[in-house]
Amino acid sequence: MDFRYLGDSGLKISEITYGNWLTHGSQIENDVATDCVHAALDVGITTFDTADVYANTVAEQVLGDALRGQRRESLEIFTKVYFPTGPKGPNDTGLSRKHIMESINGSLERLGTDYVDLYQAHRFDYETPLEETMQAFADVVRSGKALYIGVSEWTADQLRAGHALAKDLGFQLISNQPQYNMLWRVIEPEVVPASEELGISQIVWSPIAQGVLTGKYLPGKPFPEGSRASDADGGARFIERYLNEDILEAVQKLKPIAEDHRLTLAQLAIAWVLQNPNVASALVGASRPDQIASNVAAAGVQLDSAAMESIDAVVGHLAQDDPALTTSPEERLT
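At position 236 of the sequence shown the residue is numbered 242 (this note's numbering), and the sequence of numbers has no breaks.
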């Protein structure tokens, strides 16, 4: 496993981060989730990402249970705050001081740890003064409950404003967690340049486009049974944008490129996002332990300019790169 620095900090994280958004506490049984976490540890993954809203707090609990007994100093545990959990009272959402302070305590209890390495604003809060939010994060860091602060799906302007306040308050804003893959490149025009300027890294989710870039969805064929596209209660709404014939046909045309590099399509997709120097890590999940080792094979892969150009020739014209689509309404629960 290769490691990269997260932003301009001294924190190193694994190039592959294990995430449990759509699996732990919902799609798979707890014992299988534990097996997946242990498989991740076995192949060198040290970075684990979750959120309080995943499976309505259950995902944090499952991850904490699975990591129990591991040397805490050898792990990087990330979680997030913003979305409501529980009864959804008037202060149970957003980035108010009240919600942040109460949420970090709940997350630490469920994760079974005294601190998280990275505490992330799961979205930008348009209703709470940013000064209040960043002061609360500063206090979380000073209390030792989080070592670093990051965000998820913030625009370039939001990153600049948050970074400036964090600097004034004496802590670092070091990461952003956006969706990014061969077909969804909305961070490239504005977010990545701003992040490079500010010393912020990307931890990218959906590097395989909810499974579409694995090639398992075939043009003109029914969706595979049990796949995300057939799961109306899971990630179906996130995958819908990719399920058109042009995209599915193009994905099949990526196979020769993958084969030339002795990679599966999924490995090629993960390796592709890791070629971006502003990307510190690619988030992957798993519903079976064997999927972990396969995904990890993408770590350390170098794709030359010819390979990158070949990929763009196949799917570049189908990729979405409008920065206005950051935090689209239909994505607000990721």
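Note that the Cβ used here is the ideal one computed from N, Cα and C, for glycine as well.
In the DSSP assignment, G112 falls within the unbroken alpha helix (DSSP H) covering 103-117. Judged by their CB atoms, L117 and R166 are not nearer to each other than the 8 Å cut-off. Less than 8 Å separates the beta-carbon of S158 from that of Q183. In the structure shown, the three-state DSSP call for D252 is helix. Assignment of L124 by DSSP, reduced to helix, strand and coil, places it in the strand class. Every beta strand (DSSP E) of 3 residues or more that sits fully in the stretch 7-55 is shown, in chain order, as 9-11, 18-20, 22-25, 53-55. DSSP, read as helix, strand or coil, puts W190 in strand. CA-to-CA, the gap between T270 and I263 works out to about 10 Å. Going by DSSP, L274 is part of the alpha helix (DSSP H) stretching over 271-280.
Counting along the chain, T139 sits inside the alpha helix (DSSP H) bounded by residues 136-148.
Here DSSP, grouped into helix, strand and coil, assigns E133 to coil. At least 8 Å separates the beta-carbon of H44 from that of F89. For I298, the enclosing alpha helix (DSSP H) stretches over residues 295-302. Here N182 carries a strand assignment [DSSP, helix/strand/coil].
Excluding residues up to 5 positions away in sequence, R116, L117, G118, T119 lie with their Cβ nearer than 8 Å to the Cβ of G70 in the same chain. Nearest neighbour of T56 by Cα position, chosen from S113, D98, R77, turns out to be S113. For V285, the enclosing beta strand (DSSP E) covers residues 285-290. Secondary structure of V210 (DSSP, three-state): strand.
Annotated three-state conformation of V157 is strand, per DSSP. Per DSSP, K86 lies in no alpha helix (DSSP H) segment; the continuous beta strand (DSSP E) that holds it begins and ends at 82-87. Membership of G70 in the alpha helix (DSSP H) is indicated by the continuous run 64-73. Looking at the DSSP output, A152 sits in a beta bridge with V122. By the Cβ-count criterion, P93 is exposed, with fewer than 16 other Cβ atoms from all chains shown falling within 10 Å of its own Cβ. Taking the CA atoms as reference points, L73 sits about 12 Å from D48.
With contacts defined as CB atoms closer than 8 Å, G168 and M140 qualify as a contacting pair. Between the stretch 189-201 and the stretch 139-154, the count of Cβ pairs shorter than 8 Å is below three; the stretches do not touch. In chain order, Y223, L224, P225 place their CB closer than 7 Å to the CB of L254, counting only its own chain and leaving out the 5 sequence neighbours on each side. Exclusion of the five residues before and after L274 leaves A264 as the residues of its chain whose Cβ lies within less than 6 Å of its Cβ. Nearest to D41 by C-alpha distance, out of I298, N62, A313, is I298. DSSP lists W190 as the beta-bridge partner residues of Q326. Check the Cα spacing between V38 and each of L179, A292, V192: the tightest is with A292.
A straight-line Cα-Cα distance of about 23 Å links L280 and Q178. If the five residues before and after A170 are omitted, its C-beta is found closer than 6 Å to no C-beta atom of its own chain. G168 sits in a helix when the DSSP states are folded into three classes.
In this model, D131 and S102 are separated by some 8 Å (Cα to Cα). In the DSSP assignment, E246 falls outside any alpha helix (DSSP H), carrying neither H nor E.
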